[in-house]
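Undergrad: Take this structure first; my questions come after.
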DNA sequence: TTCAAAGAGGACCCATACGGTCCTATTTAG
DNA sequence: CTAAATAGGACCGTATGGGTCCTCTTTGAA
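Chains as they are written, first to last, in my numbering: chain A, 137 to 289; chain B, 137 to 289.
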């Protein structure tokens, strides 16, 4: 089954939740424990995902008390491919295209050598054309600057 | 790293080799040991791949002495997606789209529920538009009905 | 008629990768 | 000064899949 890792799935859910709760660029922040509660994902896992997303620059972490995370870009500006690369690493369907380092032992007789590139490009293109906004759908709630929105959870 | 299984990679190589050596529909057959030698892939692994491809109807196995395998369709009529499905199973990037059976524990609060379908469709479309002929490249040798072609290997 | 060569169909083992957890250090608001 | 939160690791158990092997069936040829 060609599938992406669970962590990537979690990352999409978490980022969608950040947007929904108003943790937009230069907005308020959302804590990892809070996101865990809101998404139903275990808290250490949420923390791990957010740390990785932070290293990739997709979210911004504010340390200290009253710290938390917020997006660095609106969801519509984040292609899905970028999240996958951040969590899973480069998108390359076969090992033999990862640069010249891992020399394939059968390269002398391999009939398809170098021909996977169009396939990888097609996949990357498909995943780049979809943004997290497409996955998250319309934000049902206005940015939760209203207290009523918060307690309604 | 979003990648397909090694077995799928092997399958493409083996099928490309079948075509190259003239094991076309209604043509001569090619044995698993012979293909292993020709491709550099271990013989039990080649046999395993061919058995799976046979179940999927992508190759035809002829039993008995002088038996072997041949393609059931020319490479240009085999989309890459079909090989991936045969070896890896259905193409679905996340678990939550595999029908209703594996109910996601967070389905009540999941913000992206049901929105992965366009992503999966895009991937499937990209992989369906590429045929094995694209991956194998031009067949350098004419179908090996000439004995000279065979011994030249 | 017998034998050898080849596919069909499983069962099985093991290494790797990944999910998941936890620990410690650092930062910062109150 | 303390509590709350992120940052950055280390660590472990399990599940998946790659790879091998064994047995049975089929079939051409001696």
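No residue lacks a Cβ here, since even glycine has one placed at the ideal position from N, Cα and C.
What residues of chain A sit near residue 255 of chain B, judged by a beta carbon separation below 7 Å?
TA: 216 and 266
Undergrad: Please say whether residue 219 of chain B and residue 167 of chain B have beta carbons closer to each other than 8 Å?
TA: Going by C-beta atoms, residue 167 of chain B is not nearer than 8 Å to residue 219 of chain B.
Undergrad: Could you check the C-alpha separation between residue 198 of chain B and residue 156 of chain A for me, to the nearest Å?
TA: 59 Å
Undergrad: Could you say which of B:152, B:273 and B:206 lies nearest to residue 251 of chain A if we only look at CA atoms?
TA: B:273
Undergrad: Name the residues in the segment 162-196 of chain B whose C-beta lies less than 8 Å from a C-beta of chain A; which are they?
TA: 174, 175, 176 and 177
Undergrad: Please list the partners that residue 203 of chain B has in chain A, where partner means a Cβ-to-Cβ separation under 8 Å.
TA: Residues of chain A whose Cβ lies closer than 8 Å to the Cβ of residue 203 of chain B do not exist, since the nearest Cβ in that chain is about 23 Å away.
Undergrad: How is the alpha helix (DSSP H) around residue 195 of chain A delimited, first residue to last?
TA: From DSSP, residue 195 of chain A is part of no alpha helix (DSSP H) but of the beta strand (DSSP E) over 195-198.
Undergrad: Any contact between the segment 255-270 of chain B and the segment 202-218 of chain B? By contact I mean 3 or more CB pairs, one from each, below 8 Å.
TA: Contact holds: three or more Cβ-Cβ distances are below 8 Å.
Undergrad: With the cut-off set at 8 Å, would you say residue 140 of chain B and residue 140 of chain A are in Cβ contact?
TA: In this structure, residue 140 of chain B sits away from residue 140 of chain A, with a CB-CB distance that is not shorter than 8 Å.
Undergrad: Please classify residue 201 of chain B: is it buried, with 16 or more other beta-carbons within 10 angstroms of its beta-carbon, or exposed?
TA: exposed
Undergrad: To which residues of the same chain is residue 270 of chain A closer than 7 Å at the C-beta, ignoring the five residues directly before and after it?
TA: none
Undergrad: Using a Cβ cut-off of 8 Å (strictly closer), state whether residue 273 of chain B contacts chain A.
TA: yes
Undergrad: For residue 175 of chain B, name the three-state secondary structure that DSSP assigns.
TA: helix
Undergrad: Measuring only the C-alpha atoms, how far is residue 184 of chain A from residue 185 of chain B?
TA: Just so you know, the alpha carbons of residue 184 of chain A and residue 185 of chain B end up roughly 38 Å apart.
Undergrad: Helix, strand or coil for residue 215 of chain B per DSSP?
TA: The three-state secondary structure of residue 215 of chain B, taken from DSSP, is strand.
Undergrad: List the residues of chain A whose Cβ lies closer than 8 Å to the Cβ of residue 148 of chain B, in chain order.
TA: Within 8 Å Cβ-Cβ: 248.
Undergrad: Cα separation between residue 164 of chain B and residue 149 of chain A?
TA: 53 Å
Undergrad: Using the three-state DSSP reduction, which class does residue 267 of chain B fall into: helix, strand or coil?
TA: Residue 267 of chain B: strand per DSSP, three-state reduction.
Undergrad: Going by DSSP, which residues form a beta bridge with residue 205 of chain B?
TA: Partner(s): B:166 and B:197.
Undergrad: Tell me whether residue 207 of chain A is buried or exposed, calling it buried when 16 or more other Cβ atoms sit within 10 Å of its Cβ.
TA: buried
Undergrad: Drop a sphere of 10 angstroms on the beta-carbon of residue 225 of chain A, count the other beta-carbons inside from all chains shown, and report buried for 16 or more, exposed for fewer.
TA: By the C-beta density criterion, residue 225 of chain A is exposed, having fewer than 16 other C-beta atoms within 10 angstroms.
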